[in-house]
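Residue numbers (full-length UniProt numbering), protein chains in the order written: chain A, 1 to 221; chain B, 1 to 221; chain C, 1 to 221; chain D, 1 to 221.
Backbone N, C-alpha and C fix where the C-beta goes; we use that ideal spot for every residue, glycine too.
4 protein chains.
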Amino acid sequence: MNDYSFIFHSFQHRKIQNKVEGERVLKNNQKPKYKQIIDAAVITIAENGYHQCQVSKIAKQAGVADGTIYLYFKNKEDILISLFKEKMQQFIQNLSEIIAGKNTAAEKLLLLVENHFRILSEDHALAIVTQLELRQTNKELRLKINDILKGYLQLIDNILEEGIQNGEFAPALDIRLTRQMIFGTIDETATNWVMNDHKYDLVSLAPKIHQLLIHGCGNHH
Amino acid sequence: MNDYSFIFHSFQHRKIQNKVEGERVLKNNQKPKYKQIIDAAVITIAENGYHQCQVSKIAKQAGVADGTIYLYFKNKEDILISLFKEKMQQFIQNLSEIIAGKNTAAEKLLLLVENHFRILSEDHALAIVTQLELRQTNKELRLKINDILKGYLQLIDNILEEGIQNGEFAPALDIRLTRQMIFGTIDETATNWVMNDHKYDLVSLAPKIHQLLIHGCGNHH
Amino acid sequence: MNDYSFIFHSFQHRKIQNKVEGERVLKNNQKPKYKQIIDAAVITIAENGYHQCQVSKIAKQAGVADGTIYLYFKNKEDILISLFKEKMQQFIQNLSEIIAGKNTAAEKLLLLVENHFRILSEDHALAIVTQLELRQTNKELRLKINDILKGYLQLIDNILEEGIQNGEFAPALDIRLTRQMIFGTIDETATNWVMNDHKYDLVSLAPKIHQLLIHGCGNHH
Amino acid sequence: MNDYSFIFHSFQHRKIQNKVEGERVLKNNQKPKYKQIIDAAVITIAENGYHQCQVSKIAKQAGVADGTIYLYFKNKEDILISLFKEKMQQFIQNLSEIIAGKNTAAEKLLLLVENHFRILSEDHALAIVTQLELRQTNKELRLKINDILKGYLQLIDNILEEGIQNGEFAPALDIRLTRQMIFGTIDETATNWVMNDHKYDLVSLAPKIHQLLIHGCGNHH
DNA sequence: AATGAATGAGGATTCATTCAT
DNA sequence: GATGAATGAATCCTCATTCAT
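Have a look at this one:
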């Protein structure tokens with residue numbers, strides 16, 4: 001399954017194609033420099049902040065020369081975008097598989113919230129980068145980020161449509177606004193958690209968030 | 001009413017007292033330089049983006065010398081913070097007055113969403129600055145912004161507490177999470193609207209958003 | 001006596017003439033702003049260094065407005081020059097009187113060294129300004145300083161000429177070079193003392209210095 | 001001989017090893033950028049004065065980009081310090097070799113004065129920088145300069161100690177004060193020469209200065 | 001492919017000085 | 001005379017990117 005074919009790798013400038021054959025040959029400590037640099041970028045940007053994170057710092061962390069970065073990425077911005085694309089792609093694939101077998105939309109929504117939180121909880125550096133540093137960019141870059149996000153938002157839309165069809169969700173639901181509520185709520189919760197230095201457990205908030213999203217704050221006895 | 005006295009003006013070194021008499025005398029083009037610069041900053045930052053907006057551009061737009069900026073603001077960052085503080089203070093006061101006479105928490109929530117959207121709709125430049133440019137800052141600054149936001153979030157909390165007490169809202173509501181849902185949803189909706197170049201009417205979305213926040217996406221017949 | 005009439009006050013831009021009549025009227029706490037500013041400058045420049053000492057700091061220390069400085073001094077440089085001129089003038093007058101009654105050139109030289117050191121010892125702030133801060137200026141200003149110094153150097157020359165005539169000093173003495181030795185030695189000694197934070201007694205070095213200047217480092221048994 | 005190993009090169013971050021092979025290959029116009037920049041700095045600072053000498057001027061004179069300066073020097077101040085360190089190091093080594101073979105302390109002292117004057121005479125730009133521009137700095141920098149000077153002052157001390165031991169100099173000599181006389185005299189003489197636009201011959205003053213330092217101004221028939 | 005020395009555009013901020021009051 | 005708000009020129013340094021090796 002790949003409903004998310006719109007997330008393709010924009011790697012025209014990459015000189016070496018990461019062919020399946022090519023990767024099979026690589027030893028463990030020889031993981032492709034591309035991923036090596038992305039992993040270094042997550043750590044370095046999380047530690048320093050995007051604007052205080054010089055390309056040379058990423059290069060040092062990745063164990064490559066400054067110039068090597070530019071064999072794999074068009075510019076500094078492209079590292080950030082690629083990083084997000086790469087992580088988002090993995091996230092969406094995992095999430096799709098997790099959700100696949102479930103019957104109800106409500107259950108799928110819970111799993112979405114839970115797993116969103118889990119991914120961030122499992123990688124604090126990544127959480128800092130996506131919740132804080134990724135936003136420190138101009139409108140142009142924000143549009144690219146939104147483009148990458150579309151795959152995730154589509155996942156939400158799918159759940160909503162399924163829920164409406166099987167009667168779990170209100171038939172008159174405005175999909176776009178509901179999606180914005182769901183994503184906005186998850187995102188705000190995650191950002192607060194990061195701003196509070198991850199000092200409480202994020203994943204355990206998922207059921208309550210799920211409850212709020214399904215029933216709202218109203219009193220329905 | 002002013003529960004939000006914690007939002008005070010940080011401008012201690014300003015020598016000119018804003019006497020009522022003093023202000024009455026001022027011509028339109030002589031409004032205090034402090035506000036003059038803030039207004040210029042909103043326009044200039046919205047047009048250029050925070051990082052592309054040189055202090056000299058703000059000064060030119062404000063009709064003052066570059067150095068004059070530094071008589072009223074500590075540095076470029078302080079302009080951004082002060083701008084947000086100033087606007088937020090006004091917003092919270094207006095909102096407090098609007099909400100004051102209403103009986104139900106639900107009605108108050110609707111007014112909050114509506115007015116939040118209206119403020120942004122009435123000043124597209126301000127919307128761009130608060131939804132996009134204000135975020136392009138490091139964690140330290142984000143903490144200051146959050147501090148200023150507290151007054152607004154407190155307003156939400158007050159509504160929620162009132163709603164719980166009078167039975168409108170679920171008694172078991174987690175105030176913090178619910179506030180994050182409400183703010184997250186409003187914020188995400190507003191940001192999407194800005195990212196779409198304000199091309200649809202934001203205020204008219206308020207009732208639907210309100211409905212979602214109260215009842216969630218579930219089907220409650 | 002005033003052989004040093006070449007040290008006149010270059011005060012063309014000073015608005016109020018310090019007439020004798022005018023000064024007689026002044027109360028103690030109303031000493032002319034001119035001296036008030038100079039005293040403030042000595043303290044402030046010594047504390048902060050010439051380049052870190054803003055005109056506004058001097059004004060604050062003197063208890064006057066920034067603009068007032070410019071009623072008494074042409075510019076910041078002029079404060080430094082005037083300060084040195086004022087202090088040097090006093091110094092030369094005092095020294096002249098002290099030396100006047102003495103019979104031998106050697107004794108006069110000793111008194112010169114001693115008093116030079118004593119003046120600096122009695123006012124550490126002044127010592128810092130003359131030995132360190134006054135030098136942090138461009139060549140043009142250094143020429144003006146040298147001009148003011150001429151009065152002092154002339155005093156040395158007079159002693160030397162007298163010493164040669166009465167047979168105390170070597171008849172073939174090169175006045176200019178000897179004066180440079182004397183002044184250079186005193187100045188170097190004083191600067192070292194300031195750089196060492198005045199941590200030893202300067203005045204008590206005078207006899208040894210005097211001995212060195214008269215007899216040199218050679219062994220004359 | 002190199003008793004002055006305490007003057008080492010502070011340029012730790014320089015990546016290029018000065019291999020003998022490497023240097024042999026270099027054409028004249030390819031001399032290491034470090035020295036290239038220092039030479040440019042001497043000329044440019046002498047011409048413009050330290051404070052009027054923009055880093056970009058030095059870069060232009062050196063034929064490198066502005067940024068290149070900062071690959072070799074920490075900041076503008078570091079150029080000045082390094083320049084002095086570099087020249088002083090050479091000077092001390094040359095002087096040590098020249099003095100090495102001589103028998104009497106008096107002869108060594110004469111050579112020291114002569115060569116001090118000769119170095120300055122041979123490079124008027126360097127003379128301006130060391131006698132005037134180097135002094136236009138704050139106390140912190142002066143301390144660094146003094147530190148570099150220590151090597152030279154030690155040379156003087158060595159001569160004095162030798163002179164005392166072999167009976168040439170007075171046994172009761174205060175080394176520190178005598179060193180201050182010698183250095184102060186040389187320095188004052190040199191500064192006067194620079195302030196007079198090098199318009200007379202400095203080196204030929206050495207014997208007279210030497211005579212003064214050894215015998216003082218007194219009349220010893 | 002990989003390197004890293006070299007490049008050079010770009011901007012926030014300070015502070016001596018002025019001048020309307 | 002005194003004030004102090006306003007002015008605006010002037011510059012060091014960073015760091016993303018290139019390209020010769």
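Closer than 7 Å by C-beta to residue i: which residues in its own chain qualify, once you throw out the five before and the five after it? Chain order, please.
| i | result |
| --- | --- |
| glycine 49/A | Glu133 |
| isoleucine 168/C | Contrary to the premise, residue 168/C reads as glutamate rather than isoleucine in this sequence. These residues qualify, in order along the chain: Thr104, Ala105 and Ala106. |
| isoleucine 128/D | Ala46 and Val194 |
| aspartate 157/D | Ile175 and Arg179 |
| lysine 33/A | Val64, Thr68 and Tyr72 |
| cysteine 53/D | Thr44 and Ile45 |
| isoleucine 164/A | Pro171 and Leu173 |
| glutamate 97/B | none |
Between residue i and the rest of its own chain, which residues show a CB-CB distance below 8 Å, the 5 nearest in sequence each way excluded?
| i | result |
| --- | --- |
| leucine 126/A | Val42, Ala46, Lys87, Ile119 and Leu120 |
| alanine 65/A | Ala59 |
| lysine 102/C | Lys108 and Leu111 |
| leucine 213/C | Leu109, Val113, Met181, Ile182 and Thr185 |
| leucine 177/B | none |
| glutamine 12/B | For glutamine 12/B, the pLDDT reaches just 30, beneath the cut-off of 50, and the residue's location in the model is therefore unreliable, although a value from the coordinates is still provided. If we look at glutamine 12/B and ignore the five residues flanking it on each side, it has no Cβ neighbours. |
| lysine 35/D | Glu86 |
| asparagine 166/D | Thr104 and Ala105 |
| isoleucine 209/C | Val113, Thr185, Ile186 and Thr189 |
| residue 222/C | Residue 222/C is absent from the structure shown; chain C starts at 1 and stops at 221. |
Let me make sure I understand the geometry here. Which of the options has the alpha-carbon closest to that of residue i?
| i | options | result |
| --- | --- | --- |
| isoleucine 148/B | Phe91/B, Glu162/B, Leu173/B and Thr44/B | Phe91/B |
| aspartate 174/B | Cys217/A, Arg142/A and Asp78/A | Cys217/A |
| histidine 124/B | Thr44/B, Ile182/B and Ser96/B | Thr44/B |
| asparagine 170/D | His220/C, Glu161/C and Thr191/C | Residue identity check: residue 170/D is alanine in the sequence provided, not asparagine. The shortest Cα separation from alanine 170/D among His220/C, Glu161/C and Thr191/C belongs to His220/C. |
| serine 82/A | Gly151/A, Lys144/A and Asn115/A | Lys144/A |
| tyrosine 152/C | Lys35/C, Lys85/C, Gln211/C and Ser56/C | Lys85/C |
| glutamate 77/A | Glu97/A, Val55/A and Ser96/A | Val55/A |
| leucine 202/A | Ser96/A, Asn115/A and Asn75/A | Asn115/A |
| asparagine 75/A | Tyr200/A, Leu141/A, Lys208/A and His215/A | Leu141/A |
| asparagine 196/A | Glu122/B, Lys57/B, Gln89/B and Asn146/B | Asn146/B |
Rounded to the nearest angstrom, how far is the Cβ of residue i from that of residue j, given a contact under 8 Å?
| i | j | result |
| --- | --- | --- |
| residue 226/A | glycine 184/B | Within the shown structure, residues of chain A are numbered from 1 to 221, placing residue 226/A beyond reach of any answer. |
| isoleucine 69/C | isoleucine 99/C | Not a contact, Cβ separation roughly 36 Å. |
| asparagine 94/C | histidine 51/D | Actually they are not in contact, since the Cβ atoms of asparagine 94/C and histidine 51/D sit about 35 Å apart, beyond 8 Å. |
| phenylalanine 117/D | alanine 206/D | 6 Å |
Skipping 5 residues on each side, what residues in its chain have a beta carbon closer than 6 Å to that of residue i?
| i | result |
| --- | --- |
| isoleucine 79/B | Ala41 and Phe73 |
| alanine 190/A | Leu120 and Gln131 |
| glutamine 136/A | Tyr50 |
| leucine 160/B | Ile175 and Thr178 |
| lysine 150/C | none |
| histidine 198/B | His124 |
| glutamate 162/A | Ala105 |
| residue 252/D | Residue 252/D lies beyond the range of chain D shown here (1 to 221); nothing can be said about it. |
Note down, in chain order, all residues in the segment 188-207 of chain D with a beta-carbon under 8 Å from any beta-carbon belonging to chain C. Glu188, Thr189, Asn192, Met195 and Leu205
Counting only runs that start and end within the UniProt domain "HTH tetR-type" (31-91) of chain B, where is the beta strand (DSSP E) found for 3 or more residues in a row? none
Select from the UniProt domain "HTH tetR-type" (31-91) of chain D all residues with a C-beta closer than 9 Å to any C-beta belonging to chain C, and list them in chain order. Gly49, Tyr50, His51 and Gln52
Return the residues of the segment 98-123 of chain B that lie within a Cβ-Cβ distance of less than 7 Å from chain A, sorted by chain order. none
Chain D contacts from the segment 139-160 of chain C (Cβ-Cβ distance under 8 Å): Lys139, Arg142, Leu143, Asn146 and Leu160
To be precise: take each residue of the segment 172-185 of chain D, compare its Cβ to all Cβ atoms of chain C, and keep it if any distance is under 7 Å. Which residues remain? Leu173, Asp174, Leu177, Thr178, Gln180, Met181, Phe183, Gly184 and Thr185
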